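The letter at position 81 of the first sequence is residue 208 when you use the numbering used here, and the numbering goes up by one with no holes. Single-structure report; data block below.
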Amino acid sequence: MKLPLSYYLNPDAEFLARDLLGKILFTRTDYGITAGIIVETEAYFGTGDKASHAYGGRRTGRTETMYSEGGTAYVYLCYGIHHLLNIVTSVKDDPKCVLIRSVEPLEGLELMEMRRKMPADCTAISSGPGSAAKSLGIDSSFNMDVFTGERIWIEDRAITYTASQTGVSSRIGIAYAQEHADLPLRFFVKDSRYVKNK
DNA sequence: AAACGGATTGGCT
DNA sequence: GCCAATCCGTTTC
Numbered sequence: 128m129k130l131p132l133s134y135y136l137n138p139d140a141e142f143l144a145r146d147l148l149g150k151i152l153f154t155r156t157d158y159g160i161t162a163g164i165i166v167e168t169e170a171y172f173g174t175g176d177k178a179s180h181a182y183g184g185r186r187t188g189r190t191e192t193m194y195s196e197g198g199t200a201y202v203y204l205c206y207g208i209h210h211l212l213n214i215v216t217s218v219k220d221d222p223k224c225v226l227i228r229s230v231e232p233l234e235g236l237e238l239m240e241m242r243r244k245m246p247a248d249c250t251a252i253s254s255g256p257g258s259a260a261k262s263l264g265i266d267s268s269f270n271m272d273v274f275t276g277e278r279i280w281i282e283d284r285a286i287t288y289t290a291s292q293t294g295v296s297s298r299i300g301i302a303y304a305q306e307h308a309d310l311p312l313r314f315f316v317k318d319s320r321y322v323k324n325k
């Protein structure tokens, strides 16, 4: 049920970004367990990707997490306000990752509603990378956590989407990435209410 | 040492 | 639709 470490060692971040649609993302905090169905992702393919923090092999205090073994959480602060959750993929020292952009609330709805101060049927509760992370209680303390551990993990409950149910587009908010700005590396569930900009 | 800008969101016009 | 919020890695002086 819980995805094993071997799942995350796949060096194909694009494949994993697609494959993660429909998987269930869980978090456990002092307040309880919450979970959401992953419905929107983006792939960042590492040192050759101009949109990646690890472009050119950059290693800093922040990006060091991305060089961890696949199955590690890379959480960073964006615009000084929002925590964004990435799943590191591939083997150690190959800094590829998948950004979780949107989930559909599935478990612990009351806790998610408290964190976001809005009802779970309001799609803004977990739509967009900052909102998805906040609804699941993810902050910088989750950085470097492993997905096979006690605080964060992903389960496969056999939800799958066909190619025609899956949308593909360029990644959001990376215009600075020049020739990599238009690559089709964003994947989403077309009929999900919790995906914006379809 | 200082300035710049971003894998975004929500509130106000 | 526009714009402020607000931190920190990176760039520039």
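Ideal Cβ positions, reconstructed from N, Cα and C, are used throughout, including at glycine. Nothing here was measured: the structure is a model prediction, and the numbers come from that model.
Of the listed residues the options, nearest to residue i (C-alpha basis)
i    : options                   : result
Y171 : I160, R145, L152 and L238 : R145
K261 : G300, L212, E191 and L312 : L212
R189 : T275, V295, P246 and P222 : P222
V295 : Y288, I286 and R313       : R313
L236 : E141, F315 and I164       : I164
D220 : K244, I208, G184 and Y206 : G184
Y206 : P256, L310, F269 and T287 : P256
CB contact flag (residue i, residue j, <8 Å)
i    : j    : result
Q305 : K177 : yes
V148 : I281 : Here residue 148 is Leu; the residue named in the question, Val, does not match the sequence. No.
S258 : L204 : no
K323 : K317 : no
G264 : T161 : yes
A181 : M271 : no
A290 : S297 : no
H210 : V218 : no
Same chain only: Cβ atoms within 6 Å of residue i, ignoring 5 sequence neighbours per side
i    : result
Y135 : G197, G198 and T216
Y158 : L238
Spatial neighbours of residue i in its chain, beta-carbon cut-off 8 Å, leaving aside the 5 residues before and after
i    : result
E277 : R155
L130 : K150, F274, T275, W280, I281, E282 and D283
M128 : E282, D283 and R284
Close beta carbons around residue i, own chain, < 7 Å, minus the five adjacent residues each side
i    : result
S319 : V166 and E231
R242 : K261, S262 and G264
Validate contact between the region 244-258 and the region 190-200 using beta carbons, cut 8 Å, 3 pairs: no
The region 155-168 in contact with the region 218-230 per 3-pair CB rule at 8 Å: yes
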